[in-house]
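First comes the structure, then the notes that go with it.
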Amino acid sequence: MTHDDTRTAPHLGDIPEEDLDQALDLVYLAFHLTLPDKTRTYHRQLLRDCTRIGARHGGRLTGVAGAHRLTLSVPGGQLPCAALDFVSVAPTHRRRGVLTSMIDELWRRCAADGQPLACLWASESAIYGRFGFAAATEAFRVEIDSSRPLALRIAADRRPLRLIDPAAAPALLAARYDASLADRAGRFTRDETWWRTQVLDLDGALGGDDRDGFGAVRVVVLGADGEAPGGYAVYRTRSANDSRPGAVAVTELEAESAPAAAALWSYLAAIDLTSAVRIHARPADDLLFSLAADRDQVRVTGQEPALWLRLVDVRAALTARSWAAPVDLVLDLSDRALPANAGRFRLTATPAGATWTPTTDDPDLALDVRELSACYLGGTPLRRLAHAGLVTEHTPGAVRRLDAALETEWLPFTADND
Ligand SMILES: CC(=O)SCCNC(=O)CCNC(=O)[C@H](O)C(C)(C)COP(=O)(O)OP(=O)(O)OC[C@H]1O[C@@H](n2cnc3c(N)ncnc32)[C@H](O)[C@@H]1OP(=O)(O)O
């Protein structure tokens, strides 16, 4: 008789480098993936650079979780963030608490590594709320009908547009991207490798020149050679055939101003032999929606949660962000998984900074860490969650006051999971 180990608690530990292939096999099993060698090599490298948590039964890996060590823009600053990825449990061992125990281990690793935040992209929205994660940024899929000229309400920046060698893009465009982090929370700092792989796919690990039928990556820059770019777009094109029109797929567009954005959108919409521009992720307050003279020409074709965020160290997270308005409130915070965060705290925030101190005073608001995580980047109004009965307001006006303090000029936005 074989021993049934599926009922016993897993043994948790690191995944050493020699087990990386075993770990990837489990990931591909759980995600039903068969991938080319190039992609596997890329994933192997990503996983090697992660904090790696393995769950084992009888020495065999039955659960894998990786956490990239990233830096996330938050209102007024940047914070270390564990970005959970590769989460997989063997189909023979599912729904027995393996993921739950790996998440508990993740909290220990975050504390040891000084990461006050954790984040992820969820394969299914039902999984991660129970662990205190909440959707903190939203992404809209957008399509421009470019079968006719794109009509915009302002004049475009008249500086020249030029196509550059994508290999030169990281060095040329990094400053423009980095500048956007100060405006928009929810974005990651990038190194050269991230640009080369995630943004430009220069080595073809993510599909390269045949990504859903779209060809080579193109990079268009606004501004003359030698000038700091006023904006850029990373895109690919697909020619028309009998069953579909020609199209442009935009991976990323950054612009320093509305006229710069107008110039780039106009360029993309005017590419010959194409009649649609598709953008996989834009924020709800994207300038394009306001610039379009005919909103019917710019359609939202999908809307989904993008970044799921979890405040792991609430005090560190709250005292590191900036605040739009002064606020002085007592919050009764629940956090089942991380009791150090739970209890009554006085949040005293001014535009100069914040404190978060334990108190025995009566609470103005009661909420779970999940709701605080949803609102932290400024993308979810707290009042929306209060209307839904997920936040209790003990002192009338407290929700409004906290909302005013959490507010950001621009919505947070995360677009790095194409
Ligand atoms: C950041 C990322 O990488 S997202 C990718 C997540 N991975 C995948 O989708 C790959 C395929 N799925 C899997 O490998 C697994 O099913 C996992 C990782 C999603 C879940 O692992 P499990 O070990 O089964 O989860 P665990 O047993 O700890 O479940 C904890 C709770 O979450 C619930 N849960 C787990 N997965 C799901 C799901 N897909 N949908 C709804 N509820 C779920 C369980 O029912 C359980 O609820 P309970 O506490 O009320 O009993």
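Numbering (the working numbering), first residue to last: 74 to 491.
Think of the CB as a built atom: it goes at the ideal place given N, C-alpha and C, for glycine as much as any other residue.
Residue i vs residue j beta-carbon contact at 8 angstroms
i             : j            : result
arginine 443  : alanine 212  : no
threonine 433 : arginine 456 : no
leucine 411   : valine 385   : yes
leucine 179   : leucine 193  : no
leucine 93    : leucine 134  : no
leucine 440   : proline 485  : no
aspartate 87  : arginine 125 : yes
leucine 99    : alanine 163  : yes
tyrosine 308  : valine 323   : yes
alanine 248   : leucine 275  : no
histidine 467 : leucine 420  : no
alanine 336   : leucine 364  : no
aspartate 369 : alanine 224  : no
Buried/exposed call for residue i, threshold 16 Cβ in 10 Å
i                 : result
asparagine 314    : exposed
glutamate 300     : exposed
methionine 74     : With a pLDDT of only 42 at methionine 74, under the threshold of 50, the placement of this residue in the model should not be trusted; the figure read from the coordinates follows. Result: exposed.
arginine 168      : exposed
phenylalanine 104 : exposed
glutamate 65      : Past the edges of the chain, shown from 74 to 491, lies residue 65, and the structure says nothing about it.
glutamate 325     : buried
proline 189       : buried
alanine 209       : buried
proline 469       : exposed
aspartate 500     : Residue coverage of the chain in this structure runs from 74 to 491, which leaves residue 500 outside it and unanswerable.
glycine 205       : buried
alanine 128       : buried
aspartate 408     : buried
arginine 263      : buried
Residue span of the beta strand (DSSP E) that contains residue i, given as start and end
i             : result
arginine 133  : 133-147
tyrosine 305  : 304-311
valine 400    : 400-407
threonine 392 : Unbroken run through threonine 392 is the alpha helix (DSSP H), 387-393; no beta strand (DSSP E).
valine 321    : 320-328
aspartate 476 : Run containing aspartate 476: none in the beta strand (DSSP E); it sits in the alpha helix (DSSP H), 471-479.
alanine 422   : 416-423
histidine 84  : 84-86
alanine 212   : 211-218
alanine 459   : Premise fails: alanine 459 lies in the alpha helix (DSSP H), 455-460, not in any beta strand (DSSP E).
Which of helix, strand or coil DSSP assigns to residue i
i                 : result
cysteine 183      : helix
valine 100        : helix
aspartate 110     : helix
methionine 74     : With a pLDDT of 42 at methionine 74, under the threshold of 50, the predicted position of this residue should be treated as unreliable, and no value is reported.
aspartate 491     : Residue placement at aspartate 491 is flagged as unreliable, the pLDDT there being 49, under the threshold of 50; a coordinate-derived value is accordingly withheld.
alanine 297       : coil
glutamate 197     : coil
cysteine 123      : coil
glycine 281       : helix
arginine 169      : coil
proline 153       : strand
aspartate 256     : helix
tryptophan 483    : coil
isoleucine 237    : strand
isoleucine 352    : strand
leucine 382       : strand
phenylalanine 362 : helix
Endpoints, the alpha helix (DSSP H) within which residue i is located
i                 : result
valine 442        : 442-448
tryptophan 338    : 331-342
histidine 105     : Unbroken run through histidine 105: none, as it is neither H nor E.
phenylalanine 261 : Segment: none, phenylalanine 261 is in no alpha helix (DSSP H) and carries neither H nor E.
Would you say the region 291-298 touches the region 222-239, given that touching needs at least three Cβ pairs under 8 angstroms?
-> yes
Any 3 or more C-beta pairs closer than 8 angstroms across the region 390-400 and the region 355-367 | no
Taking contact to mean at least 3 C-beta pairs separated by less than 8 angstroms, is the region 464-483 in contact with the region 395-402?
-> yes
Between the region 239-253 and the region 264-271, do three or more beta carbon pairs fall short of 8 angstroms?
-> yes
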